[in-house]
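Order-wise, the sequence lines are chains Z and F. So in the numbering used here, spot 140 of the first sequence is number 146, and the numbers just go up one at a time. So in the numbering used here, spot 279 of the second sequence is number 810, and the numbers just go up one at a time. Beta carbons: idealized from backbone N, C-alpha and C, even for Gly. If you're wondering where the values come from, they're calculated on a predicted model, not measured in any experiment.
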Amino acid sequence: MTAVLLAQAPLIEAPPIDYAAIAPMLIVLGGACVSVLAEAFLPRHQRWPVQVSLTLVVLACAGITLGVYAGGNPAGLTTLGDTLAVDRPTLFLWGTLLFLGLGSVLVMADRSVEPGGAFLATAVSRARAAVGGGSGGGPGGTVGPEDRDYGRPGEAPTMQTEIFPFALFALGGMMVFCAANDLLTMFIALEVLSLPLYIMCGLGRRRRLLSQEAAVKYFLLGAFASAFFLYGLALLYGYAGSVRLTAIAEAAAGSDRSDALLFGGLALLVVGLMFKGSVAPFHTWTPDVYQGAPTPVTAFMATCTKVAAFGAIMRVLFVAFGSTRWEWRGVLWAIAIVSMVVGAVLGLTQTDIKRMIAYSSIAHAGFLLLGAMTITEAGTAGTLFYLLAYGFTTLAVFAVISLVRTADGEAGHLSQWAGLARRSPLLAAVMTFLLLALAGIPLTSGFTAKFAVFSAALEDGMAPLVVIALVASAIAAFYYVRVIVLMYFSDPAPDGPTVTVPGAFTTVAITLGVLITLLLGIVPSLALDWAGGGTFVG
Amino acid sequence: MNTGGSVLLLVLLLVPLVGSLAVAPLRNDDRAAKRVAFGIAIIELTLAGVAWAMYSVADAAAGTRFQLEFAYPWIPAFGTSFALGVDGIALVMIALTALLVPIVMGFSWEEKLPEGRSAASFFALLLATEGLLIGVFAATDVFLFYVFFEAMLVPMYFLIGRFGGPRRQYAAVKFFLYSLLGGLVMLASVIGLFVVSGERLGEGTFTWAELQRIAASVPESTQIWLFLGFFLAFAIKAPLVPFHTWLPDAGAEAPIGVGVLLVGVLDKVGTFGFLRYCLPLFPAASRTLAPLVLVLAVIGVLYGALLAVAQSDLKRFVSYTSVAHFGYIALGIFAFSTQAFAGSVLYMVNHGLTTGMLFIVVGMLIARGGSRLIADYGGVAKLAPLLAGTFLLAGLASLALPGTNSFVSEFLVLIGSFPREPVYTILATVGIIFAALYILWVYQRTMQGPVRGTAVLAALGGPGDGPGTMLDPAVAVKRRGVGFPDLSKREIAVLTPLIVLIVGLGFFPGPVLDVINPSVAATMSEVGLTDPVGGVSR
């Protein structure tokens, strides 16, 4: 008897782990840990070269591992006790994240645009430096050798390099986030990706108060959104008795439980996810944070965070709530419309270029949501492709923005961009191309991406939404065109900004963004086939 | 779809586009840029001539819908291929494009560009526009057509916005946004067409011939929605009356040469689209909605003519005459008879020639006087008899005097429309009277009478000892060589081909009609109607 009981007693068994499948993620997270150690133990002057090369090597290794694994055309699987799903969308999203992360890290690593890089010291010394810098040296304003921003006279300015481990941790969190097959893992990944981002936002060397305000705002609202997510998770656990996405789907298929728990949980969960994806009406942090954060960080947030957030949104909707889609879709219709309209209309009134791109990202989030809520393979493929296309265009846009500068930092105000084509025809041409891509003009990736998403949505019977989306695109085109008008048709402002000659890193990032925007516009087949090669596994 | 067929159309498409890339870098050597660009335009014209020669009217009459076909699979996921091909309608439009571009270049040879703009970029943009226009006419894949349709906005936008008159920014943005809005609404229909074809054929396609094959089986309500999307885009482009307001601004602010291309060819894309896309792809919707279009067309004829009478600005005047002419073209298209179709297509060609010439002559006048206002000119015939003579010829051709090309087409449109739509035709006939009024009145005010007007007098160095606002003819003639010369050799060379064609097609429209007729007969059967009177016009 006891023997039988003992045999039945639950033994905690280590779940089998498919190391090959999750290797890219492990490499990134492991690299982040090494990077922290490097930050702690290396002498100051060695940190920058070591951190940059370490980060790039880690990303490249993860990318190669991913490529090798994906090259074998593996079937989708779940591993680590079903907490992670490594299927085609995961692989595609990981590839996108690593690629975009690489591009963002390149922009972060640049030290020639802003002497010493765009980032400043640790929080403590920055607070002191801020006081000192603001009042010209008050109490505590003595700028010590540790937190000077431009170094001693005659010495090259230094750069704080915590940004690299932060970026790696955030990236690792994002990779877990969009592969998470249960809500608890997803929540932990959400925190892992968010916390470094909050700090990264506050690291700006220039306009520190704005940068810090952005960090605080992002942190407070992000914590709020996390709480929503957690509450939703709790409700869904109460409903299904499990946090696994497939278990929720199974529970929803039986009809003997309270729908209030299910949809209440879904609603709260969605609020948390939409917040990260900056979908209106959960977007209010976006313009402030995009504007305040150092531009390389904004680039990172605008691209990678969006990819991760929509990866997670798609997985949750597809796997856990696919069977109940007719019940919640109406609400997402409304959210998508609000997001498209808010992004397009409020973008018109912006005078700061980073805020403008922020509103553009809100409008694009609405378009993405169209694809994400189709729950069809075409919709998933279209959304994945859209994320890839949008990510690279936006990355290059922010890299370009970081180059247009006045004496006291970036030229954020749109009026400062007047006549830029006269001063720097190449840069203006690149920016024009990217803006046309954001507007969705054919022969750019923006068009093929819109086409992929909208055709999937139309096929799924969302004709009114597609029409609204196209009208929103037309409205949004106005503010993209306005920048082109300023650059080309206006006379340059007398004390206008100068265009910094980009360092090698930024040049590579911009070239990458422009090339991919063009290639995905002209020969998108490869990426489309990859995105459409398989669907979510539960 | 197999690769293959004739590469002639591909060459025709690529020569100007590659040429544009070759010309653009020559910004430090205007002469070289102009020569290279002109050479490319002449090569293109020759190639268009070869295409014309290779096009077999007999094959077309025997039922071959497209000739010189070229196809290459492009994005399989979207069911689209890079498919080119021409029917008679597309062929004459391509020929018109290839003809007008070198003429425009010849006219713009000595054009004073706004400060800081290089001739190289102007000519490069002209070539880019030419290439994309040829793509629009040659595409036999709806997706490809859409790509060119939207992409051609970009060079045109820069041509207006960078090189235009004082209010060029406003005009360029208005042009861009109007067209983009129409284009995006059309995109909804393009995607809808794809979805519909997917439902009918099992797999979505964009091949025009396939879509045409299933057109009749699509329910009328669906057809109407899809039709409206295409129609809006084309009605904005063509411009039909409520959507025309961008044209006078764009026409007035664009440099003359660009204005010629704009109303001469680019706007024809709208009427071409009616014939190629609206009618054959949505036959039932076209028949049902024809009265709506006819009302707009007739309003356009009358309203455009009335506004033309009231204009005080020469370039706006020419733009409004075009609005009236587009009314006739639309009338002929939606009256559904082969005679009216043939008339409309011929009208499209003739309007390109006559309005092109009118624009060019007006441009020559403006180049001498430096003012766009009609009131600033007077008695020019005494100073520059050749200029006045060509102005009169262009004007008479524009009002469709027998013996000029426009007479043939206008007559065909009216006689072809009458049996089916007598009321609209009679109303449109009133427009002919207005046409005589606006043309002759402008001619009289600017060219006849004593030498007067501030622009003329200023060019001649003031009124001298004449009575205030007029100049003694003898004195005027003595001074004209300096301030107000007659046509130069270059200007005569620019105008000669137009004059030859205007008169030549007035007496011998046969060669062009022969090319057009089989294709309009095919269009007629695709609409599913038979001629009210029977027979193909000759």
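For the region 482 to 494 of chain Z, list every residue whose C-beta sits within 7 Å of some C-beta in chain F, in sequence order. Ala483, Phe484, Val487, Val491 and Tyr494
Counting only beta-carbon separations shorter than 8 Å, does F:Val667 have a partner in chain Z? The beta-carbon of F:Val667 is placed no less than 8 Å from the nearest beta-carbon of chain Z.
What did DSSP end up calling Z:Ile381 once you bin it into helix, strand or coil? The answer is coil: DSSP assigns Z:Ile381 none of H, G, I, E or B.
Within the continuous beta strand (DSSP E) that includes Z:Pro503, where are the two ends? Counting along the chain, Z:Pro503 falls outside any beta strand (DSSP E), and DSSP gives it neither H nor E.
When we look at the beta-carbon of F:Glu734 and count the other beta-carbons within 10 Å, is it buried (16 or more) or exposed? exposed
F:Ala614 bridges to which residues according to DSSP? F:Ala602
Proximity to Z:Leu476 [Cα-Cα], best of Z:Ile447, Z:Pro503, Z:Glu19 and Z:Pro22: For the residues Z:Ile447, Z:Pro503, Z:Glu19 and Z:Pro22, the minimum Cα distance to Z:Leu476 belongs to Z:Ile447.
Count Cβ pairs between the region 645 to 654 of chain F and the region 543 to 559 of chain F that sit closer than 8 Å; are there 3 or more? yes
Secondary structure, alpha helix (DSSP H): runs of 4+ residues fully inside the region 453 to 502 of chain Z: If one requires a minimum length of 4 residues, the alpha helix (DSSP H) runs lying completely within the region 453 to 502 of chain Z are 469 to 495, in chain order.
What whole-angstrom Cβ distance do Z:Val491 and F:Val704 have, given they're in contact under 8 Å? 6 Å
Judging by CA-CA distance, which residue of Z:Ala221, Z:Pro55, Z:Leu216 and Z:Thr96 is the nearest neighbour of Z:Gly540? When only C-alpha atoms are compared, the closest one is Z:Thr96.
Taking the straight line between their C-alpha atoms, what separation do you get for F:Val667 and F:Thr660? 10 Å
Leaving aside the five residues before and after F:Arg731 along the sequence, list all residues of the same chain whose C-beta is less than 7 Å from its C-beta, in chain order. Ile745 and Ser748
Suppose contacts are defined by Cβ-Cβ distances below 8 Å. Is Z:Gly519 in contact with Z:Leu394 by that definition? no
Identify which residue in Z:Gly544, Z:Leu376 and Z:Ala417 has its Cα closest to the Cα of Z:Asp466. Z:Leu376
Who are the Cβ neighbours of Z:Ile169 in its own chain at under 7 Å, not counting the five residues just before and after it? Met114, Phe125, Met206 and Leu209
Nearest-angstrom Cα separation, counted from Z:Val325 out to Z:Thr252: 6 Å
Shortest alpha-carbon distance to F:Leu884 belongs to which of F:Gly947, F:Gly1037 and F:Phe774? Closest in C-alpha terms to F:Leu884, from the list F:Gly947, F:Gly1037 and F:Phe774, comes F:Gly1037.
For chain F, is any of its Cβ atoms less than 8 Å away from the one on Z:Leu449? By this cut-off, Z:Leu449 is an interface position.
Closer than 8 Å, CB to CB, is Z:Pro530 near chain F or not? Taking Cβ atoms only, chain F reaches closer than 8 Å to Z:Pro530, which makes this a yes.
Contacts that F:Phe725 makes with chain Z (C-beta to C-beta distance below 7 Å): Ser461
Give the residues from the region 679 to 691 of chain F that approach chain Z closer than 9 Å (Cβ to any Cβ), ordered along the chain. Phe679, Phe680, Glu681, Ala682, Leu684, Val685, Tyr688 and Phe689
Name, please, each residue of chain F whose Cβ falls closer than 8 Å to the Cβ of Z:Val472. Listed by position along chain F, the residues whose Cβ is nearer than 8 Å to that of Z:Val472 are Ala719 and Ile722.
What three-state label does DSSP hand F:Val1051 in the structure shown? F:Val1051: helix per DSSP, three-state reduction.
Starting from the beta carbon of Z:Leu464, find every residue of chain F whose beta carbon is closer than 7 Å, and list them in chain order. In chain order: Ile722, Gly723 and Val726.
Among Z:Arg50, Z:Pro121, Z:Thr71 and Z:Ser59, the one whose alpha carbon lies nearest that of Z:Ala30: The sequence shown places Pro at residue 30 of chain Z, not Ala. If we check each option's Cα against that of Z:Pro30, Z:Thr71 comes out closest.
From Z:Gln166 to Z:Trp54, what distance separates their C-alpha atoms? 8 Å
Curious, which full-length alpha helix (DSSP H) runs of at least 4 residues does the region 867 to 922 of chain F contain? 869 to 900 and 911 to 914
F:Glu941 and F:Tyr851 closer than 8 Å at C-beta: F:Glu941 is not a Cβ neighbour of F:Tyr851, given a cutoff of 8 Å.
Do you know whose CA, among Z:Tyr485, Z:Leu534 and Z:Ala458, lies nearest F:Ile722's CA? Z:Ala458
Here's the rule I'm using: 16 or more other beta-carbon atoms within 10 Å means buried, otherwise exposed. How should F:Thr671 be labelled? Counting Cβ neighbours within 10 Å, F:Thr671 comes out buried, since at least 16 surround it.
Quick one: complete beta strand (DSSP E) runs, 3+ long, within the region 700 to 743 of chain F? none
Where the beta strand (DSSP E) containing Z:Val92 begins and where it ends: Leu90 to Val92
Which residue comes first and which comes last in the alpha helix (DSSP H) that contains Z:Arg411? Here Z:Arg411 belongs to no alpha helix (DSSP H); instead the beta strand (DSSP E) covers Val410 to Thr412.
I want to verify the contact list: residues of chain F whose CB lies under 7 Å from the CB of Z:Ser479, in sequence order. Leu715
For chain Z, check one thing: does any of its Cβ atoms lie closer than 8 Å to the Cβ of F:Gln700? Residue contact with chain Z for F:Gln700: present (Cβ-Cβ distance below 8 Å to some residue of chain Z).
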